[in-house]
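Colleague: Take a look at the following structure, please.
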Amino acid sequence: MSRWFGPEGLTERAQLALGSTAIVASVAIPALAGNQYWTHTFHLVNLYVVVAVLQNMLLADAGQVSFGQGAVFGASAYTVGLVSTLHGVSPPLAVVLGVLAGLALGALFALPALRVQGYYLGFVTLSVAMVFPELLVAFSEYTNGVNGIGLPVPVLNAPLVANVTPLSLLVIALACGALAAHVGLRRAQLGRRMRVAAASPEAALTLGFSPGRARSAAFVIAALGTSLAGVLYVPVVGFLSPSAFHVELSIFFFFSVIVGGRGRLLGPIVGVWILYLVPNVLLVDLVNYRLIGYGLVALAIMLLFPDGIVGSIEQSLRRRLQTRSAEVRVDWMMSVPPTAMARSGQSDPDAGRAEPMISVRRVRKSYGALAALNGVNLDVARCTIHGLVGPNGSGKTTLLNVLSGLVRADEGAIDIKGHDTTRRPADDTARLGTGRTFQTPRVFDDLSIWDNVLIGAGLRRADDGRGWLFQALASVEAAWREQRPDTLPHAQRRLLEVLRVVATDADVLLLDEPAAGLSAEERRDFALLLRHLRDALGKTVVLVEHDLDLVWRVADRITVLDAGTIVAEGAPQAIVGDANVRALFTGRPDA
Amino acid sequence: MDELVIILVRGIGLGAVYSLVAMSFNIVHNSSGILNFAQGNMLVLGGLFAFFLLPQEPTVARWLLLLPAAALLYAAVLALQGYVTLLPLRSSVEQHSWLITTLAVSVIIGAVILIAQGPHALSVKSPFANFRLLGTRTPTAYALAALLALGWYAALRWFHARTITGLAMSALAQDLEAARAVGLRVRRLQLYAFAISGAIVGSAGFVAAPVMSISADSGIIYVVNGFIAAVIGGLGSNAGALIGGPLVGVAGMYAAFQYGGQFQNAVSLALLIAVLMLRPEGLFGRARARRV
Chain W
667 MSRWFGPEGL TERAQLALGS TAIVASVAIP ALAGNQYWTH TFHLVNLYVV
717 VAVLQNMLLA DAGQVSFGQG AVFGASAYTV GLVSTLHGVS PPLAVVLGVL
767 AGLALGALFA LPALRVQGYY LGFVTLSVAM VFPELLVAFS EYTNGVNGIG
817 LPVPVLNAPL VANVTPLSLL VIALACGALA AHVGLRRAQL GRRMRVAAAS
867 PEAALTLGFS PGRARSAAFV IAALGTSLAG VLYVPVVGFL SPSAFHVELS
917 IFFFFSVIVG GRGRLLGPIV GVWILYLVPN VLLVDLVNYR LIGYGLVALA
967 IMLLFPDGIV GSIEQSLRRR LQTRSAEVRV DWMMSVPPTA MARSGQSDPD
1017 AGRAEPMISV RRVRKSYGAL AALNGVNLDV ARCTIHGLVG PNGSGKTTLL
1067 NVLSGLVRAD EGAIDIKGHD TTRRPADDTA RLGTGRTFQT PRVFDDLSIW
1117 DNVLIGAGLR RADDGRGWLF QALASVEAAW REQRPDTLPH AQRRLLEVLR
1167 VVATDADVLL LDEPAAGLSA EERRDFALLL RHLRDALGKT VVLVEHDLDL
1217 VWRVADRITV LDAGTIVAEG APQAIVGDAN VRALFTGRPD A
Chain F
36 MDELVIILVR GIGLGAVYSL VAMSFNIVHN SSGILNFAQG NMLVLGGLFA
86 FFLLPQEPTV ARWLLLLPAA ALLYAAVLAL QGYVTLLPLR SSVEQHSWLI
136 TTLAVSVIIG AVILIAQGPH ALSVKSPFAN FRLLGTRTPT AYALAALLAL
186 GWYAALRWFH ARTITGLAMS ALAQDLEAAR AVGLRVRRLQ LYAFAISGAI
236 VGSAGFVAAP VMSISADSGI IYVVNGFIAA VIGGLGSNAG ALIGGPLVGV
286 AGMYAAFQYG GQFQNAVSLA LLIAVLMLRP EGLFGRARAR RV
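Protein chains in written order, with the numbering used here: chain W, 667 to 1257; chain F, 36 to 327.
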């Protein structure tokens, strides 16, 4: 694969170069040619591109719907205009105040984002976009109301060389900067966390971070960039009025992302160009039909090309380019050098202690009238594999959820590694060193395979405990960076999830039916892996599994649950003859 | 005193319109998880129906005849919109397309009204004379809107408890996957839900037309306030919607009287943020068990 083409089509680097070229050219060519109209138009277009790039980040990376970015844009522009004309504040301070105003509005979005998401925030932001111009009119005595504020900034509009103004340079810098920042964010831990929080808040919690905080961070970052664009709106347009920041501006930004292709780096550029230039410039006589145009184009794109224009082009490129496919194999997790083994097993000062790793006392959990857990007691010893079996609905997964903190027990106490975790939030419990997998693997198709592993690695600071893992994976790193996991078969997706949990360096692994859907051979490999995790890496494993053969082969102890109650517990050979257990499973060897 | 009566009566009347929008949200949301952003503009279309078909001096008989016609017409319109909205959901990859498609439909309706009727609000005459309530003259439409909200509430209650289709729809609300597993025709039920939501907003727009703002940009105001009413009451709960609507209506009316009409929506927004921060499940909603 070259620097420019990967299995996914254009690489991020190539897209960044292409997007920056488009931005620079669109401003520089009219400026050099001395065409004022087009220079002005593309100043505005590129400011809108900035807002749309951040909207794209917010929607695709953080999964957050905002119909209010136009209000953030307007709040910073208006603040700059107000404080500098009416209060004579110096330009640098005005810029700072403008950005702060935009950030304040962004924080207003971010605050509810801590608790709710999705369409709730859609409505919050939509109401803000609706209320913002109303308030500008309501406070006419301060804002000059519908008459607006005129604020020419001649300094920025004076040509430097050949009609290129400082303003042009600022617009170019901001637009390219926004694009580069989006790429940078995607490569950073925060960007990966946003994508995980968007795809599965539960997975985010079990990986040790708060999805609400990741969402809020996205709103604040988006507000920052949008405010900077709003500040530049003042010298670009030179006039502010409430009607420029109506709710339709916010909807325009949102639709630009959809039309261009959400999640695609170049999507916002293409979307803004099409939605702004076509009705406002080419069809200038039909400008009243602009809104209909937005609606119809967005509807048509959603029904016909849900990936947007850039997305659909990428898809067809991808089909042509996709040749090789990466794979995830058990042996990478097992190639542990002896030194690493020793360290990882023995550096744990608590190793060999007699107290159980996990201790559950009289835990109850009911859903309505149904008792999912009915006074469960459980001890899991250090460095053991503890099997948890029972028929469907016996409370196994609920028990795992209670252990990982995703569900809070109604009664009873849970102690993990000597810490009382009964009332701890799931992300805190995860940071103690508890990792879990899910019945349906939480694998994130928007992240590369490599990033799917890294999102686990960022959880705990200590790098020494898993250096071996990244050494073992060094040979596949390049391929994994370029490929998304949607091409992986089911069994390998499960392994990828286990790999991610191992990468968190958790010493308690809670695995929910990890062998479901695996072939006989894959199960054998998986059993080897489980033993390896226990013996070489010193992990404690709680294994919920329907494959009784597997459980009886690898588990050190087995607990049998039925209807939320423990009916048997002991070493595998000890309870195999237990009448209760037989009654539960006879005739249903695969139950 | 007079002022207080006016704020209460009109606030409750306007709030009843929000309750109706909230109930129309609920039935679609319960059966599909979709919130139809176009619901506000559909309400305005109900008002437009009255504007076009009621004469300058309307008679009660004609009004009574047109009311079910409005309900039926918008039931059909919403069923069509529902069909379009549900189309992309067939491929399970894209589950949030409805946010975009319903918003797009809302934008299109608003734009068409703007082009056809201009930016000004239209007025509709009521066949009923104003009535006196606690010493103030009150347009009958406020009372009719409140009655209609109660009527729809009772009808929906009966529908969900007593008819097979209603029961099946309640099953969808509780567990979509399970409903599919027992063989319910999910898509068809969801289309019914859209149609019923159309009948609700269509009739609401028709009844409230004399006291409503019928213009290109008022749809968004109704959809937002209707949503706020639904959230305050607890999304999905019709009893909550009955309480939430008047709360939002009275708060907004108070703000309008006290500080000016431009503050009406700002107050609703403040209410929404407060509820989401303090009690996101609303007054009557139950926190849903998290599914992992």
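Glycine included, every Cβ here is placed at the ideal spot set by N, Cα and C.
1. If you count every other CB in all the chains shown that lies within 10 Å of the CB of F:Thr94, and 16 or more means buried, which is it?
2. Consult DSSP for F:Thr361 and reduce its assignment to one of helix, strand or coil.
3. Taking CB distances under 8 Å as the criterion, tell me whether F:Met312 reaches chain W.
4. In chain W, which residues lie with their C-beta within 8 Å of the C-beta of F:Gln297?
5. Would you check if the distance between the CB atom of F:Gly82 and the CB atom of F:Gly280 is smaller than 8 Å?
6. Identify the continuous beta strand (DSSP E) that holds W:His1052 and give its terminal residues.
7. With 8 Å as the threshold, decide whether the Cβ of W:Ser907 is near any Cβ in chain F.
8. Would you kindly work out how many angstroms separate the C-alpha atoms of F:Arg223 and F:Leu277, rounded to a whole number?
9. Just to confirm the assignment: which complete beta strand (DSSP E) runs, minimum length 3, are found wholly within the stretch 779-812 of chain W?
10. Please classify F:Phe166: does DSSP put it in a helix, a strand, or coil?
11. Measure the C-alpha to C-alpha separation of W:Asn722 and W:Arg861 and round it to an integer number of angstroms.
12. Assign W:Ala1234 to one of three DSSP states: helix, strand, or coil.
13. Does DSSP put W:Gly959 in a helix, a strand or coil?
14. Report yes if the CB atom of F:Gly46 is closer than 8 Å to the CB atom of F:Val246, and no otherwise.
15. Would you please verify whether the beta carbon of W:Met723 is less than 8 Å from any beta carbon of chain F?
16. Roughly how many whole angstroms lie between the Cα atoms of F:Ser132 and W:Glu800?
17. Do the CB positions of F:Leu306 and F:Ile263 come within less than 8 Å of each other?
18. Determine the extent of the alpha helix (DSSP H) in which W:Gly747 is found, giving its start and end residues.
19. Verify the CB distance criterion: does W:Tyr786 have a CB-CB separation below 8 Å to chain F?
20. Suppose only complete runs of 4+ residues qualify. What are the alpha helix (DSSP H) ranges in the stretch 810-892 of chain W, listed by chain order?
21. Going by C-alpha distance, which of F:Leu43, F:Ser272 and F:Phe60 is nearest F:Gly233?
22. Within the same chain, show all residues whose beta-carbon is closer than 6 Å to that of W:Gln735, passing over the 5 residues directly before and after it, in chain order.
23. To the nearest angstrom, report how far apart W:Thr1206 and W:Leu1177 are at their CA atoms.
24. Using a Cβ distance threshold of 8 Å, determine whether the stretch 829-848 of chain W contacts the stretch 702-713 of chain W, with at least three qualifying pairs required.
25. Let me see if you follow: with CB-CB separation under 8 Å, is F:Asn76 close to chain W or not?
26. Among W:Glu678, W:Pro820, W:Gly937 and W:Ala824, whose alpha-carbon lies nearest the alpha-carbon of W:Tyr714?
27. Ordered along the chain, which non-local residues of its own chain (more than five positions away) have a Cβ less than 7 Å from that of F:Phe86?
28. Could you name the residues of the same chain whose beta carbon sits closer than 7 Å to that of W:Pro1015, not counting the 5 residues immediately before and after it, in chain order?
29. Let me make sure I understand the geometry here. Which of F:Leu219, F:Leu149 and F:Val63 has the alpha-carbon closest to that of F:Val236?
30. State the start and end residues of the unbroken beta strand (DSSP E) segment that holds F:Arg172.
31. Could you confirm whether any beta carbon from chain F is found closer than 8 Å to the beta carbon of W:Gly961?
32. Kindly give me the distance between the Cβ atoms of W:Phe733 and W:Ala773, rounded to whole angstroms, as I take these residues to be in contact under 8 Å.
33. Would you kindly work out how many angstroms separate the C-alpha atoms of W:Ser907 and W:Gly740, rounded to a whole number?
34. Please identify the residue among W:Thr1106, W:Val1042, W:Leu1098 and W:Asp1152 whose C-alpha is closest to the C-alpha of W:Trp1116.
35. Take every Cβ of the stretch 174-181 of chain F, pair it with every Cβ of the stretch 104-121 of chain F, and state whether three or more of those distances are shorter than 8 Å.
36. Name the residues in the stretch 1206-1222 of chain W whose C-beta lies less than 7 Å from a C-beta of chain F; which are they?
Modeller: Once the coordinates are examined:
1. Numbered from its first residue, the second sequence carries residue 94 of chain F at position 59. Counting Cβ neighbours within 10 Å, F:Thr94 comes out exposed, since fewer than 16 surround it.
2. Residue 361 of chain F lies beyond the range of chain F shown here (36 to 327); nothing can be said about it.
3. By one-based count along the second sequence, residue 312 of chain F stands at place 277. It does; some Cβ of chain W falls within 8 Å.
4. Locating residue 297 of chain F in the second sequence gives position 262, counting from the first residue. Within chain W, the residues near F:Gln297 are Glu800, Leu801, Val803 and Ala804.
5. Mapped onto the second sequence, residue 82 of chain F falls at position 47. Mapped onto the second sequence, residue 280 of chain F falls at position 245. No, the pair does not count as a contact, with Cβ atoms beyond the cut-off.
6. The residue labelled residue 1052 of chain W in the question sits at position 386 within the first sequence. Here the beta strand (DSSP E) through W:His1052 covers Ile1051 to Val1055.
7. Residue 907 of chain W sits at position 241 when you count from the first residue of the first sequence. So, not an interface residue.
8. Working through the second sequence from its first residue, we reach residue 223 of chain F at position 188. Working through the second sequence from its first residue, we reach residue 277 of chain F at position 242. Near 27 Å, if we compare the C-alpha coordinates of F:Leu277 and F:Arg223.
9. none
10. As a working note, residue 166 of chain F is residue 131 in the second sequence. Looking at F:Phe166 - three-state DSSP - the assignment turns out to be strand.
11. Within the first sequence, the letter at position 56 stands for residue 722 of chain W. Within the first sequence, the letter at position 195 stands for residue 861 of chain W. Computed Cα separation, rounded: 12 Å.
12. Taking the first residue of the first sequence as position 1, residue 1234 of chain W is located at position 568. Of the three classes helix, strand and coil, the one that applies to W:Ala1234 here is strand, per DSSP.
13. As a working mapping, residue 959 of chain W is identified with position 293 in the first sequence. In the structure shown, W:Gly959 sits in a helix (DSSP, three-state: H, G or I).
14. Sequence index remark: in the second sequence, residue 46 of chain F carries index 11 (1-based). Sequence index remark: in the second sequence, residue 246 of chain F carries index 211 (1-based). In this structure, F:Val246 does not lie closer than 8 Å to F:Gly46 by Cβ.
15. Start at 1 with the first residue of the first sequence, and residue 723 of chain W comes out as number 57. Output row for W:Met723: interface = no.
16. Within the second sequence, residue 132 of chain F is the residue found at index 97, counting from 1. Within the first sequence, residue 800 of chain W is the residue found at index 134, counting from 1. Near 30 Å, if we compare the C-alpha coordinates of W:Glu800 and F:Ser132.
17. Position 271 of the second sequence holds residue 306 of chain F. Position 228 of the second sequence holds residue 263 of chain F. Yes, they are a contact pair.
18. Within the first sequence, the letter at position 81 stands for residue 747 of chain W. It spans Gln735 to Thr751 - the alpha helix (DSSP H) in which W:Gly747 sits, taken as one unbroken run.
19. Sequence index remark: in the first sequence, residue 786 of chain W carries index 120 (1-based). Closer than 8 Å: yes.
20. 820-823, 832-853, 855-865 and 867-872
21. Here residue 233 of chain F refers to the residue found at position 198 of the second sequence. For the residues F:Leu43, F:Ser272 and F:Phe60, the minimum Cα distance to F:Gly233 belongs to F:Phe60.
22. Position 69 of the first sequence holds residue 735 of chain W. Same-chain partners within the cutoff: Val717, Gln721, Thr892, Ser916 and Phe919.
23. Numbered from its first residue, the first sequence carries residue 1206 of chain W at position 540. Numbered from its first residue, the first sequence carries residue 1177 of chain W at position 511. The alpha-carbon atoms of W:Thr1206 and W:Leu1177 are separated by roughly 11 Å.
24. yes
25. In the second sequence, residue 76 of chain F corresponds to position 41, counting from 1. Chain W contact via Cβ: absent.
26. Stepping through the first sequence from its first residue, residue 714 of chain W is reached at position 48. Ranking W:Glu678, W:Pro820, W:Gly937 and W:Ala824 by Cα distance to W:Tyr714 puts W:Gly937 first.
27. Working through the second sequence from its first residue, we reach residue 86 of chain F at position 51. These residues qualify, in order along the chain: Leu157, Val159, Ala244 and Ile249.
28. Locating residue 1015 of chain W in the first sequence gives position 349, where the first residue counts as 1. With a pLDDT of 49 at W:Pro1015, under the threshold of 50, the modelled position of this residue cannot be trusted; read the value that follows with caution. Excluding positions up to five away in sequence, the list is empty.
29. Position 201 of the second sequence, counted from the first residue, corresponds to residue 236 of chain F. If we check each option's Cα against that of F:Val236, F:Val63 comes out closest.
30. Numbered from 1 along the second sequence, position 137 holds the residue referred to as residue 172 of chain F. Looking at the DSSP string, the run of the beta strand (DSSP E) that includes F:Arg172 is Thr171 to Thr173.
31. Sequence index remark: in the first sequence, residue 961 of chain W carries index 295 (1-based). True, the Cβ-Cβ gap to chain F drops below 8 Å.
32. Position 67 of the first sequence holds residue 733 of chain W. Position 107 of the first sequence holds residue 773 of chain W. 17 Å between Cβ atoms; not a contact.
33. In the first sequence, counting from the first residue as 1, residue 907 of chain W sits at position 241. In the first sequence, counting from the first residue as 1, residue 740 of chain W sits at position 74. One C-alpha to the other measures close to 9 Å.
34. The residue labelled residue 1116 of chain W in the question sits at position 450 within the first sequence. Checked all of W:Thr1106, W:Val1042, W:Leu1098 and W:Asp1152; the closest Cα to W:Trp1116 is W:Asp1152.
35. no
36. none
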